[in-house]
Each structure stands twice: as C-alpha cells, then as structure tokens.
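What follows is a set of notes on a single structure, which appears directly below.
Structure representation (structure tokens):
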C-alpha cells in the first residue's frame, strides 16, 4: 500500500485547482447519502490519495459535489446503468465501471454485457497499481 501511495504521489499531475482530501466526517456523510458502508480499504484510499490526478482514468472523489468524479453522482449513474447496488464504483471507464465489493475486492462491470466480468483485483491498491498507474 505505501509503495502504491508513493507511486501515485510521484505521478500526480499539476492541475489548476487541486482537490482536497476528505476527512472521516465527510466519508460518514457519503455513506449516509449512498445508504451503503464504504469498505475500510476504500476509505483508506479516499483519505490518502483521492486528490491524485493521473493518466486517462479519473477515479471517484468525495470533497467537491460539483465534480464529475463526485462519488454519489458516479454511483447514481452506475446503478442507473445496471451496476448491482451492492457495488461501489471507484472509476468509470467509458460504459464500464471498476467497483469495490463489500470485502474490498475491485471488480470490473461491463456496460456492454451488463455483467460483472471475471477481472478482479485484491484491493483498491492492487487496482491502482495494475490499472490506474498503467493508464
């Protein structure tokens, strides 16, 4: 995890308006808005690197309700598209969504097939290393 955080911090691209990292209270508000518990490992991710901008993928954020990456908005769109309600989207990629399961595993939901594919990653940190940092 520490290694991935370091890689993301090094890759972070300069942007005109920096995002802020959330605090625990903001995450509680997001959970209440979504009516779903955010898995611990995903909370860790949100608290430590959700302000990183890198590559072609734009993972969800939780501090700016006006952002197109705002988790409640992305989740509403994903669930409307057919993503199972027990999955929390962490990143939209075209019609597909990378999502976190209750146990912290990341899966890929295919918008074309409207199914959870065979692709999965042990945690959001594995996904960040193998997918986001490679984008």
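Numbering (UniProt numbering), first residue to last: 1 to 135. Ideal Cβ placement from N, Cα and C applies to all residues, glycine included.
Check                                                                                                                                                   : Outcome
Sort out for me which residues DSSP pairs residue 89 with in a bridge.                                                                                  : 99
Would you call the segment 2 to 22 and the segment 54 to 71 touching, i.e. three or more CB-CB distances under 8 Å?                                     : yes
Hey, which unbroken runs of the alpha helix (DSSP H) at 4 residues or more fall wholly within the segment 28 to 68?                                     : 40 to 49
Under the DSSP definition of a beta bridge, which residues are partnered with residue 115?                                                              : 110
Using only CA atoms, which one of 77, 132, 127 lies nearest to residue 111?                                                                             : 77
Who does residue 120 pair with in a DSSP beta bridge?                                                                                                   : 107
Looking only at C-alpha atoms, which of 34, 24, 32 sits nearest to residue 45?                                                                          : 24
Measuring only between beta-carbons, confirm whether residue 34 sits less than 8 Å from chain D.                                                        : Here chain D cannot be found, since the structure has a single protein chain.
Report the rounded CA-to-CA distance for residue 117 versus residue 108, giving the unit in angstroms.                                                  : 6 Å
In chain order, what residues of the same chain lie with their CB nearer than 6 Å to the CB of residue 85, ignoring the 5 residues before and after it? : 79
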